[in-house]
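J.: Next up is a structure, given as structure tokens.
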Amino acid sequence: MKSNSTARIAFFFLAPALIAIGVFFFIPVVAAFVLSFTDFDIYSLGNWKYARLVGIKNYIDLVNDPLFWKALKNTLYFLFVGGPLSIAMSLATALLLQSKVVRFKGIFRTAYFAPVVTTLVAVAVVWRFVYHPRFGLLNYALSFAGIDPIDWLGDPHWAMPAIILLAVWKNFGYNMIIFIAGLQNIPQELYEAADIDGAGKWQQFTAITIPMLAPTTLFITIITMIGYIQLFAEPYVMTQGGPQDATLSIVLMMYEQGFRWWNMGYSAAVAFILFAIILVASLIQTWLSRRSRAS
Amino acid sequence: MKKLWTILLYAILVILAAITLTPLVWMVSASLMPTGGANTFPPTFIPKEVTFEHYLSLFTRLNLARYLFNSAFLAVAVTLISLVVNSMAGYAFAKFRFSGRNSIFKLLLSSMVIPAQVTMLPLFLMLNKMGVINSYVGVIIPGMASVYGIFLVRQFAQSIPDSLIEAARIDGATDFRIYWTLILPLCKPVLITLAIITFMGTWNDFLWPLIVMTDDSMYTLPVAIANLSLEHVQDVELMMAGSVITIAPVLILFAAVQKYYISGIMAGGVKGE
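These protein sequences, in sequence, are chains A and X. The first sequence begins at 1 in this note's numbering and counts up one residue at a time. The second sequence begins at 296 in this note's numbering and counts up one residue at a time.
Dropping the structure here:
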């Protein structure tokens with residue numbers, strides 16, 4: 001009797017959240033899966049009955065769509081170059097700020113963290129001018145190193161590196177904070193023991209810091225990957241996917257197909273491939289870390 | 296040697312801080328320059344003459360007050376609603392024993408790998424049928440509950456002693472009363488953290504408001520700024536003023552309460568392992 005009423009009360013507290021997440025998250029996920037097997041388009045928008053099941057046609061079309069491969073390639077470029085760069089930057093700054101000789105840690109931490117809380121769209125607008133070929137700050141700074149002006153956002157080779165630089169600037173402070181928390185959790189005695197054994201700083205870093213940080217690094221790698229693979233606002237604001245589709249991302253393609261051209265069936269297939277990539281990558285990372293911990 | 300290393304360390308930290316803040320400083324200073332003033336070589340950081348004309352024209356000519364209101368209203372509404380919904384669920388997961396508790400919680404946690412973009416197409420169709428596209432409700436609905444928020448509250452509420460709740464129950468308090476007058480005040484630190492994270496997240500959100508808000512008068516600041524920046528590519532100073540107004544509220548809020556914000560990230564990061 002008692003456990004029965006406990007369950008009822010618990011359900012009362014859970015209901016709003018579970019209903020909201022169930023109806024507006026889980027049902028749409030399932031619906032998106034179904035949608036990706038239909039030819040839902042602008043005509044179906046007025047009357048859903050016009051949509052027909054077309055099997056895996058959308059996925060076949062995607063595989064044959066050079067634009068999709070371009071978007072996938074761009075997104076993976078952003079992910080595999082920008083992600084590690086951003087994480088390395090976070091770890092480096094976290095280590096610098098952990099140094100015992102540094103004072104005013106709070107001030108530095110706040111400065112590095114400031115870009116994290118800014119509005120992505122607004123800073124993308126600002127960086128569009130930082131990258132201005134004639135008047136931009138970046139080319140001006142590079143001119144001191146004798147580097148000729150680069151048309152960052154107009155040159156297909158430089159547009160993605162430019163977006164990566166903005167993303168690293170915007171995000172490294174976030175993971176830095178998590179790394180600092182991870183570093184503070186490493187027992188100080190380990191370093192003291194290593195000092196007594198005569199281990200050098202570099203040895204301590206590779207033998208203590210890196211292994212002890214492994215769970216933190218795994219967590220950071222997964223959240224960074226999930227965040228970076230959703231690249232959207234930067235190309236939307238700065239390049240609209242150009243030049244020559246050099247910055248077209250998966251989510252930008254999904255948005256354009258779904259909400260500009262209303263090819264919602266096709267767009268849902270793009271969204272599911274995004275999901276599949278995230279899922280597979282998370283599983284691989286978790287599996288790799290389990291294996292390394294077991295050995 | 297040690298001294299040299301210290302100097303080098305500070306040099307790196309200071310240069311890095313300067314590089315990090317430069318774009319933001321330049322944004323503010325360019326927003327105060329007269330039209331065309333920012334298009335100079337070399338770039339300048341100190342305006343030759345200071346003008347507020349761009350801020351003025353944003354509010355008079357470009358309807359910025361409306362976008363500001365939309366953003367503020369949505370951020371406050373989503374924050375308040377989700378705070379209640381998430382804290383109730385987090386409390387239930389922490390303090391009630393019922394069958395299926397752990398499996399439901401695990402299901403919720405694992406759903407965090409599903410990117411929100413997957414839900415956006417069907418959600419748009421659903422909300423379209425409900426007639427709430429281009430309305431505040433359309434933006435609020437997917438923000439009502441969040442797994443991350445439930446998780447944060449649960450972690451915190453677990454540390455509340457059961458004896459406290461039992462004592463209140465013996466005194467005859469109803470379960471809702473216990474939640475409202477005992478649990479919520481005890482959870483205040485985590486609720487403040489969650490409120491700040493939710494407020495900033497909603498304020499900065501772009502893709503979903505871009506999809507839902509079809510009418511110019513319903514745009515949030517990021518949607519309006521993105522739109523304006525595509526129309527006014529040449530008006531550097533005007534766009535910088537718009538960016539300042541978009542960024543300033545969250546940056547000031549962060550400066551005021553950064554302790555809570557950063558502790559929230561640390562809690563999520565450390566316990567997320």
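Built from N, CA and C at the ideal position, the CB exists for glycine as well.
#1: Since Ala306/X meets chain A, which of its residues come closer than 9 Å, beta carbon to beta carbon?
#2: Classify Ala114/A as buried or exposed, calling it buried when 16 or more other Cβ atoms lie within 10 Å of its own Cβ.
#3: So with Cβ pairs under 8 Å, would you call Trp475/X a contact of chain A?
#4: Looking at chain X, which residues of the region 197 to 226 of chain A have a Cβ within less than 9 Å of any of its Cβ atoms?
#5: Quick check on the burial criterion: 16 or more other C-beta atoms within 10 angstroms. Buried or exposed for Gln230/A?
#6: Quick one: grab the DSSP three-state call for Thr247/A.
#7: Between Ala141/A and Trp152/A, is the Cβ-Cβ spacing less than 8 Å?
#8: Give the straight-line distance between the Cα atoms of Leu363/X and Leu447/X, rounded to the nearest whole angstrom.
#9: Would you say Gln230/A lies against chain X (beta-carbon separation less than 8 Å)?
#10: Against chain X, does Thr119/A count as a neighbour if the rule is that its beta carbon must be under 8 Å from one of theirs?
#11: For Arg293/A, I'd like the list of residues in its chain whose CB is within less than 8 Å of its CB, leaving aside the five on either flank, ordered along the chain.
#12: Does any residue of chain X bring its CB to less than 8 Å from the CB of Trp169/A?
#13: Fully enclosed by the region 133 to 210 of chain A, which alpha helix (DSSP H) runs are 4 residues long or longer?
#14: Where Gly146/A and Pro338/X are concerned, what is the direct C-alpha to C-alpha distance, given to the nearest angstrom?
#15: Using 8 Å as the threshold, is the region 91 to 100 of chain A in touch with the region 176 to 196 of chain A, meaning 3 or more CB pairs across them?
#16: Would Ala440/X pass as an interface residue toward chain A - the criterion being a Cβ-Cβ separation below 8 Å?
#17: Could you spell out where the alpha helix (DSSP H) holding Ser86/A opens and where it closes?
#18: So, under 8 Å CB-CB, Ala370/X and Trp498/X are touching, yes? Tell me the CB distance rounded to an integer number of Å.
#19: Please report the residue range of the alpha helix (DSSP H) in which Asp457/X lies.
#20: What residues in its chain sit with their C-beta under 8 Å from that of Asp510/X, if we drop five residues either side in the sequence?
#21: Is it a yes or a no for the region 219 to 239 of chain A touching the region 407 to 415 of chain X, going by three-plus beta-carbon pairs under 8 Å?
#22: Which of the three DSSP states, helix, strand or coil, is assigned to Thr38/A?
#23: Distance check for Ser558/X and Tyr474/X, CA to CA, integer angstroms please.
T.: Per the coordinate set shown:
#1: Locating residue 306/X in the second sequence gives position 11, counting from the first residue. None at all; the shortest Cβ gap to chain A is about 11 Å.
#2: Counting from one through the first sequence, the residue named residue 114/A turns up at place 114. Buried, by the Cβ-count rule.
#3: By 1-based counting over the second sequence, the position of residue 475/X is 180. So no, Trp475/X is outside the interface.
#4: Pro215, Thr216, Leu218, Phe219, Ile220, Ile222, Ile223 and Ile226
#5: Position 230 of the first sequence holds residue 230/A. Per the 10 Å Cβ criterion, buried.
#6: For the purposes of this step, residue 247/A is identified with residue 247 of the first sequence, where counting begins at 1. Of the three classes helix, strand and coil, the one that applies to Thr247/A here is coil, per DSSP.
#7: Working through the first sequence from its first residue, we reach residue 141/A at position 141. Working through the first sequence from its first residue, we reach residue 152/A at position 152. No. Outside cutoff.
#8: Counted from its first residue, the second sequence places residue 363/X at position 68. Counted from its first residue, the second sequence places residue 447/X at position 152. Going by the C-alpha atoms only, they are around 29 Å apart.
#9: Here residue 230/A refers to the residue found at position 230 when the first sequence is read from its first residue. Answer yes: the Cβ-Cβ gap between Gln230/A and chain X drops below 8 Å somewhere.
#10: If you number the first sequence from 1, residue 119/A lands on position 119. It does; some Cβ of chain X falls within 8 Å.
#11: Residue mapping note: residue 293/A aligns to position 293 of the first sequence, counting from 1. So the list reads Ala214, once near-sequence residues are dropped.
#12: Stepping through the first sequence from its first residue, residue 169/A is reached at position 169. Output row for Trp169/A: interface = yes.
#13: 137 to 143, 159 to 184, 188 to 196 and 201 to 204
#14: Residue 146/A sits at position 146 when you count from the first residue of the first sequence. Residue 338/X sits at position 43 when you count from the first residue of the second sequence. Each residue's alpha carbon lies about 17 Å from the other.
#15: yes
#16: Position 145 of the second sequence holds residue 440/X. Answer yes: the Cβ-Cβ gap between Ala440/X and chain A drops below 8 Å somewhere.
#17: Against the first sequence, residue 86/A aligns to sequence position 86. Gly83 to Gln98 is the span of the alpha helix (DSSP H), which, as asked, contains Ser86/A.
#18: Residue 370/X sits at position 75 when you count from the first residue of the second sequence. Residue 498/X sits at position 203 when you count from the first residue of the second sequence. Ala370/X to Trp498/X, Cβ: 5 Å. Contact.
#19: Counted from its first residue, the second sequence places residue 457/X at position 162. It spans Asp457 to Ile465 - the alpha helix (DSSP H) in which Asp457/X sits, taken as one unbroken run.
#20: Mapped onto the second sequence, residue 510/X falls at position 215. Result list for Asp510/X: Asn429, in chain order.
#21: yes
#22: Indexing the first sequence from 1 puts residue 38/A at position 38. In this structure, Thr38/A counts as strand in the three-state DSSP scheme.
#23: Here residue 474/X refers to the residue found at position 179 when the second sequence is read from its first residue. Here residue 558/X refers to the residue found at position 263 when the second sequence is read from its first residue. One C-alpha to the other measures close to 24 Å.
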